[in-house]
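Please read the structure below before turning to the comments.
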Amino acid sequence: MTGDVGFESGRSDEELYRLFLSTSNSIYLRELIARYREELTFFLYAFIKNMEDSEDIMLEAFSIAATERAKFSGKSSFKTWLFAIGRNQGLKYLRKNRLPALPLNEAIVSSSGTPDVEILKDERNKLLYKALENINPEYRQALHLAYFEEMSNDEVALVMGKSKKQVYNLIARGKQACRDELIKLGYEE
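Residue 24 is where the sequence shown starts when you use this note's numbering, and the numbers rise one by one after that.
Spelled out as structure tokens, the structure:
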């Protein structure tokens, strides 16, 4: 069974999702899970604080997508839509459990999606993550999606439920707030 995951890798996410819905063949869903499980889990971990809970919420997001409880309209990419579902489930979890959001520096991941101890050794990056920890959570989330997940402003807007203009402002204000925090922490360019 596991050997057949990945055979559809030439298909787009949207095509795999449509095939899954029309055929109920779980291989298409497994391919989508393989593509996004790590990215979505680490995105959730950035504000959930607990890896097990982040994984559970990631699975819940895929469950919602698989059962069509949320309709994919095609107005965004599948990834953006999935991350929006994950974010909503994560926020619901935080409200239900009355938990604060995790500072971003505790959820550092490399572009490969694995914890990267080498990044922590770089003093500039330590300062950057400390600065990010101290800024408005919405600024932090917008910056995370834009720079760590490499989403466009349109995609960030969809995930966060904001307008494109609001996201532009969140990112601009987030960058400025981050610069101000870096100066407070003694960082010199």
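Virtual Cβ for every residue (Gly too), placed ideally from N, Cα, C. Given the structure is predicted, the values throughout are model-derived calculations rather than measurements.
query                                                                                                                                                            : result
In whole angstroms, give me the CA-to-CA distance for residue 34 and residue 91.                                                                                 : 20 Å
In or out: residue 97 buried (at least 16 other Cβ within 10 Å) or exposed?                                                                                      : exposed
Where residue 116 and residue 190 are concerned, what is the direct C-alpha to C-alpha distance, given to the nearest angstrom?                                  : 24 Å
For residue 158, count neighbouring Cβ atoms within 10 angstroms of its own Cβ and tell me buried if that reaches 16, exposed if not.                            : buried
Beta-carbon within less than 6 Å of residue 49's beta-carbon, same chain only, minus the 5 sequence neighbours each way: which residues are those?               : none
Which word fits residue 199, buried or exposed, when buried means at least 16 other C-beta atoms lie within 10 angstroms of its C-beta?                          : exposed
What do you get for residue 176, buried or exposed, if any count of 16 or more other CB atoms within 10 angstroms of its CB means buried?                        : buried
Note down, in chain order, each residue of its chain lying with its Cβ closer than 7 Å to the Cβ of residue 67, except the 5 sequence neighbours on either side. : 77, 80, 81, 109, 113
Could you tell me how far apart the beta carbons of residue 204 and residue 169 are, in whole angstroms, since I believe they sit closer than 8 Å?               : Contact doesn't hold; Cβ gap of about 18 Å is too wide.
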